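**Q** Residue numbers (the working numbering), protein chains in the order written: chain A, 1 to 239; chain B, 1001 to 1239. For each residue, glycine too, the CB sits at the ideal point set by N, CA and C. It should be emphasised that the depicted structure is a prediction, and the values quoted were computed from it without experimental measurement.
Number of protein chains: 2
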Amino acid sequence: MSDVFAPVLRQSLTDDLAQRIRQLIETSGYGAGDRLPTIAEMARRFGVGHPTLREALKKLETLGVLDIRHGSGVYVGKNHNTLLVSNPVFVGSVSRKLLVDLIEARIPIELKSVSLAAEHATGEHLGEMRSLLAHAEENLEDDDVLSATNMAFHRQIALASGNTVLAQLLEVLSSLFQQEQRLILDIFGSRRKDHFEHVGILQALEDRDPALAVTRMRSHLEGVREVLLKWDPNATPVR
Amino acid sequence: MSDVFAPVLRQSLTDDLAQRIRQLIETSGYGAGDRLPTIAEMARRFGVGHPTLREALKKLETLGVLDIRHGSGVYVGKNHNTLLVSNPVFVGSVSRKLLVDLIEARIPIELKSVSLAAEHATGEHLGEMRSLLAHAEENLEDDDVLSATNMAFHRQIALASGNTVLAQLLEVLSSLFQQEQRLILDIFGSRRKDHFEHVGILQALEDRDPALAVTRMRSHLEGVREVLLKWDPNATPVR
DNA sequence: GGTCAGAAAGTGATCAAATGACTTGGAGAG
DNA sequence: CTCTCCAAGTCATTTGATCACTTTCTGACC
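1. In angstroms with no decimal places, state the Cα-to-Cα distance between Val-1076(B) and Glu-138(A).
2. Evaluate the contact criterion for the segment 1157-1164 of chain B versus the segment 1139-1146 of chain B: three or more CB pairs, one atom per stretch, below 8 Å.
3. Use the C-beta contact count for Gly-92(A): other C-beta atoms within 10 angstroms, 16 or more gives buried, fewer gives exposed.
4. Hey, how far is the Cα of Asn-1087(B) from the Cα of Val-1094(B)?
5. Identify the continuous beta strand (DSSP E) that holds Ser-1086(B) and give its terminal residues.
6. Which ranges would you report for the beta strand (DSSP E) in the segment 1040-1068 of chain B if only whole runs of at least 3 residues count?
7. Would you decide whether Gln-181(A) is buried or exposed? Buried here means 16 or more other CB atoms lie within 10 Å of its CB.
8. Could you tell me which chain B residues have their CB closer than 8 Å to the CB of Leu-60(A), listed as they occur along the chain?
9. Excluding the 5 residues flanking Ile-1109(B) on each side, which residues of the same chain have their C-beta closer than 6 Å to its C-beta?
10. Note down the Cα distance separating Ala-241(A) from Gln-203(A), rounded to an integer number of angstroms.
11. In this structure, does DSSP put Met-1(A) in helix, strand or coil?
12. Starting from Val-114(A), trace the alpha helix (DSSP H) both ways and give me its first and last residue.
13. Looking at chain A, which residues of the segment 1148-1178 of chain B have a Cβ within less than 8 Å of any of its Cβ atoms?
14. Curious, which full-length alpha helix (DSSP H) runs of at least 4 residues does the segment 1183-1224 of chain B contain?
15. Please report the residue range of the beta strand (DSSP E) in which Val-76(A) lies.
16. Cβ atoms of Arg-22(A) and Leu-60(A): under 8 Å apart, would you say?
17. Looking at Val-1100(B): is its Cβ nearer than 8 Å to the Cβ of Leu-1228(B)?
18. Taking CB distances under 8 Å as the criterion, tell me whether Ile-1109(B) reaches chain A.
19. What are the residues that DSSP puts in a beta bridge with Arg-1035(B)?
20. Using beta-carbon positions only, say whether Val-1085(B) and Gln-19(A) come within less than 8 Å of one another.
21. Can you check whether the CB of Val-1048(B) is closer than 8 Å to the CB of Leu-1240(B)?
22. Straight-line CA distance for Leu-1083(B) to Glu-119(A)?
23. Would you tell me roughly how many angstroms separate the C-alpha atoms of Ser-1012(B) and Pro-233(A), rounded to the nearest one?
24. Given Asp-1034(B), which residues of its chain have a CB within under 6 Å of its CB, disregarding the five upstream and five downstream residues?
25. Does the beta carbon of Pro-1210(B) sit closer than 8 Å to a beta carbon anywhere in chain A?
26. Here's the rule I'm using: 16 or more other beta-carbon atoms within 10 Å means buried, otherwise exposed. How should Thr-263(A) be labelled?
27. Note down, in chain order, each residue of its chain lying with its Cβ closer than 8 Å to the Cβ of Ala-1213(B), except the 5 sequence neighbours on either side.
28. Return the chain-ordered list of same chain residues with a C-beta closer than 8 Å to the C-beta of Glu-222(A), the five sequence neighbours on each side being excluded.
29. Am I right that Met-1151(B) and Ser-1174(B) are in contact with their C-beta atoms under 8 Å? What's the rounded C-beta distance?
30. Spell out whether any CB of chain A is found under 8 Å from the CB atom of Glu-1026(B).
31. Starting from the C-beta of His-198(A), find all residues in its chain whose C-beta is less than 8 Å away, skip the five residues before and the five after it, and write them out in chain order.
32. Which bits of chain A does Asn-1234(B) rub up against, with CB to CB less than 9 Å?
33. For Glu-55(A) versus Glu-1055(B), is the C-beta spacing smaller than 8 Å?
34. If we define contact as Cβ-Cβ less than 8 Å, is Ser-86(A) a contact residue for chain B?
35. Would you report the Cα separation of Lys-1078(B) and Glu-171(A), rounded to the nearest angstrom?
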């Protein structure tokens, strides 16, 4: 075995602190939205300096574990127990190829999710989906609301699959390039058609028909893919 | 439109700084492994205090954009342009269900990847895969090396797919629960059988046969899934 | 001339104390 | 009862100092 001479890695105090705060959140039963002790108090209790603690908190904020509000306090984030995080400082240019790659990666993931959801969705999941689609229908003219609602619908399906990893994959994939993903509404042509496809998918889920759900989801996503492939970035820029 | 009255969100100086450093990396042509100016120099140039700059750097380090080495300098990370990050401070317990969820999520992703790789893999991709499998064959008795090498093989396939998103998904999924994913070697039974399955997959890729590659990959991953489903966490704990 | 050890220089890590910016809650006035 | 203002609480940032680690250079020894 080669690890006898592995380098001695010393974890920095701030990384150590981040881990301990993370543990504290779990062991003290803090849930999403709960407020932690003040920064001054935590620095005192851990016996460290303010800037050191702030670095640890910054790390946890970056990971979505914490939500730090200036003047208010430090709160446990909604996604405090996430496996994956999307990169908030991504600087690459969002080419057509990248958007096509994204939709092509979503297709197998979402087909698996919808198939599982047809078997595992609870009444609550389905109710939430109905609610989302009702909200979408009321906002067919408001692209921001519509796009966000549609994405939430897709995420809800992944949640209903009962597979934690799939749910989190949809969470992060739906947060990538939100502006550009919203573009899909423009180039798809008919918001109503898009909406009807979502309604059809929900119907198949309610009917507990995995094969039909998969067929409809595939058709829906392949339609998105086709229009993306035909998209001319110069003719229809991202607004 | 509802955004006329959207809350005025003021970005903190540290988040602003993180974004600017991120831009600087791209616009100044820094590549992975390149060294940035010293913290003192950057603080002077940006006109900010040391701890503020450090917080921004911490954020970027958390995202894998930077690699900060005590006493040495600040370097651009290998994954500086990643879309997704796996959570280094995840504290959930890694149950059998979570491992099964992970493998079940990997199946559609890797089937799609291997199918695309059969069409798009370059000679270089295939050469790298051969190299990895040769390395695995030499290390069938060394679980750490073997597990890491096997995972690298899977990632290489995703890379060869030519789909950026799939490649990055495999990157993050393979980094989750490495200790526990290594368990698969124990409970799978035969490291040699596992290895032969990998060799078969590579053969199908070299033959440019997507259907065969998919069939073999599916068989391989379903085999892993089956043994995970049968796994008794009490009988074979994670070492 | 080559190698090794120690010291110096460079660089990151952490602390303490002070000031500025923001949020929340309470009191008083209309 | 509602609205405005102020005080208290809390986060955000700065400055300057000291400590911890890495890298490079120099000198001694073989």
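**A** If we stick to the structure as given:
1. 47 Å
2. no
3. Gly-92(A) should be labelled exposed.
4. 14 Å
5. 1084-1086
6. Secondary structure remark: continuous beta strand (DSSP E) runs of at least 3 residues inside the segment 1040-1068 of chain B: none found.
7. By the neighbour-count definition (other C-beta atoms within 10 Å, threshold 16), Gln-181(A) is a buried residue.
8. Val-1089
9. Leu-1169
10. The structure shown does not extend to residue 241(A), since chain A is modelled only from 1 to 239, so the question has no answer here.
11. With a pLDDT of only 34 at Met-1(A), under the threshold of 50, the placement of this residue in the model should not be trusted; the figure read from the coordinates follows. Coil at Met-1(A), not helix or strand.
12. It spans 96-120 - the alpha helix (DSSP H) in which Val-114(A) sits, taken as one unbroken run.
13. Asn-1163, Thr-1164, Val-1165, Leu-1166, Leu-1169, Val-1172, Leu-1173 and Leu-1176
14. 1191-1206
15. 73-76
16. Yes. Within cutoff.
17. yes
18. yes
19. Bridge pairing for Arg-1035(B): Tyr-1075(B) [DSSP].
20. Not a contact, by the Cβ cut-off of 8 Å.
21. The question about residue 1240(B) has no answer, for chain B in this structure spans 1001 to 1239.
22. Straight-line spacing of the CA atoms in Leu-1083(B) and Glu-119(A) works out to 31 Å.
23. 33 Å
24. Val-1076
25. no
26. Any answer about residue 263(A) is impossible in this case: the structure gives chain A only from 1 up to 239.
27. Hits under 8 Å: Val-1114, Ser-1115, Ala-1117, Ala-1118, Ile-1201, Ala-1204 and Leu-1205.
28. Ile-107
29. 4 Å
30. Interface residue, yes.
31. Leu-133, Ala-136, Asn-150, Phe-153 and His-220
32. Going along chain A, no residue has its Cβ under 9 Å from Asn-1234(B), so there is no contact; the nearest lies around 22 Å.
33. Yes; because the gap between Cβ atoms is below 8 Å, this pair is in contact.
34. yes
35. 25 Å
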